[in-house]
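Read through the structure below, which is laid out as structure tokens, and then see the notes.
In structure tokens form, the structure reads like this:
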């Protein structure tokens, strides 16, 4: 198919936008490329082969799905084996190929999906996605249902209805994370956390804090803040249950903070921070440049000192005053000229 120069330029720009850090630009490009359809397939396939970034590859697969083009079979099967968000997106491409007019293509797509959904060693959410792709194939519905019953939240039956399927998918994401298999992007795990945090084992939440922190170090700076926000949400979930099992990570995060931490970190400090957190708070305040961040640190310092009933004679207060004298004046409220006493009482 011959593509006009103007259309070719548009496709090229849209494919470039699939790698954008701007979510709106990226999602707009996915939608527009999906509408363009088969005319963009060759370019999309080339772009897929030309990058190793999983986020970009996932976006390319999502753009390919509506075209139901046989040419996408090879990379869809490859991406399915790669798992994660790429695998989930690939299951959508393979679902679109189940109705291909080319019998070998349809058979290959069916085989790839069945292999995943019946493999107990495959990550839970990928098996769920493959099962969803196969729901429209009556001949194997019983086999698929039996396989899906092994997944979290689906012990009784395969879910029916959008809300039930969403709950089952969240359960699969959560179980994968507890088993050490994080999604490529933190959004789905953040949603699952909202559902499971109130009754998840505290050790499991602590393990996720450590896993997410380790993962932060492996992603680019443009995505690191999203993972850090998720880690803050995990700390807040622990704090809401009165747990200090991951307090060490809060302290280390403050000591190493080169920029303001997400609000959930401070919310957790307010709730469960103890005297061991005061020196890390002072260290963060000492290097802080952002006025709002410094004010938040002062509030956290005073909240912890007040709750722990620490006086100026307390050893930790003396250490903070000795090492960070000027900061201590601000942290304790001594510079605010208030009539009421400082939280670090005499």
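In the numbering used here, the protein residues as written are 276 to 621.
The beta carbon of each residue, even a glycine, is placed where N, CA and C say it ideally should be.
No experiment lies behind these values; they were computed from the predicted model shown.
Whole-angstrom distance between residue j and residue i, CA atom to CA atom
i, j, result
"residue 454", "residue 608", "45 Å"
"residue 384", "residue 369", "5 Å"
"residue 593", "residue 333", "53 Å"
"residue 513", "residue 290", "41 Å"
"residue 574", "residue 302", "39 Å"
"residue 603", "residue 479", "36 Å"
"residue 358", "residue 529", "34 Å"
"residue 351", "residue 285", "24 Å"
"residue 337", "residue 364", "6 Å"
"residue 535", "residue 354", "37 Å"
"residue 307", "residue 346", "19 Å"
"residue 251", "residue 558", "No answer is possible for residue 251: it lies beyond the span of the chain, which begins at 276 and ends at 621."
"residue 562", "residue 501", "23 Å"
"residue 569", "residue 605", "9 Å"
"residue 356", "residue 490", "21 Å"
"residue 432", "residue 595", "With a pLDDT of only 42 at residue 432, under the threshold of 50, the placement of this residue in the model should not be trusted, and no figure is reported."
"residue 488", "residue 377", "46 Å"
For residue i, the three-state DSSP class (helix, strand or coil)
i, result
"residue 371", "helix"
"residue 623", "Here the chain comprises residues numbered 276 to 621, so residue 623 is not present and cannot be evaluated."
"residue 615", "With a pLDDT of 44 at residue 615, under the threshold of 50, the modelled position of this residue cannot be trusted; read the value that follows with caution. Here residue 615 sits in coil by DSSP."
"residue 430", "Reliability of the predicted coordinates at residue 430 is poor, the pLDDT of 47 falling under 50, and the value obtained from them is presented with this limitation in mind. Coil, per DSSP."
"residue 607", "coil"
"residue 586", "strand"
"residue 366", "helix"
"residue 412", "coil"
"residue 520", "coil"
"residue 341", "helix"
"residue 300", "helix"
"residue 399", "helix"
"residue 456", "coil"
"residue 599", "coil"
"residue 534", "coil"
Same chain, Cβ closer than 6 Å to residue i, neighbours up to 5 away in sequence not counted
i, result
"residue 449", "467, 471"
"residue 283", "none"
"residue 507", "537, 539, 540"
"residue 296", "497"
"residue 548", "579"
"residue 277", "Below a pLDDT of 50, predicted positions are generally treated as unreliable, and residue 277, at 46, falls in that range; no measurement from the model is reported."
"residue 304", "289, 292, 293"
"residue 542", "511"
"residue 599", "557, 561"
Where residue i falls, given that 16 or more other Cβ within 10 Å makes a residue buried
i, result
"residue 400", "buried"
"residue 523", "exposed"
"residue 287", "exposed"
"residue 492", "exposed"
"residue 601", "exposed"
"residue 342", "buried"
"residue 495", "exposed"
"residue 391", "buried"
"residue 571", "buried"
"residue 396", "exposed"
"residue 503", "buried"
"residue 446", "buried"
"residue 325", "exposed"
"residue 379", "exposed"
"residue 327", "exposed"
"residue 517", "exposed"
For residue i, the first and last residue of its enclosing alpha helix (DSSP H)
i, result
"residue 501", "496 to 515"
"residue 571", "566 to 582"
"residue 386", "378 to 392"
"residue 538", "538 to 547"
"residue 462", "462 to 471"
"residue 490", "477 to 491"
"residue 317", "316 to 324"
"residue 555", "553 to 562"
"residue 708", "Here the chain comprises residues numbered 276 to 621, so residue 708 is not present and cannot be evaluated."
Nonlocal neighbours in the same chain, by C-beta distance under 7 Å from residue i, ignoring five residues either side
i, result
"residue 388", "366, 369, 405, 408, 409"
"residue 481", "520, 521"
"residue 335", "293, 319, 322, 323"
"residue 545", "575, 578"
"residue 565", "535"
8 Å CB neighbourhood of residue i in its chain, flanking five on each side removed
i, result
"residue 452", "458, 464, 467, 483, 486"
"residue 381", "372, 373, 374, 375"
heavy atom of the ligand COA below 7 Å from residue i C-beta
i, result
"residue 544", "With respect to small molecules bound, the structure shown includes none, and the ligand COA cannot be examined in it."
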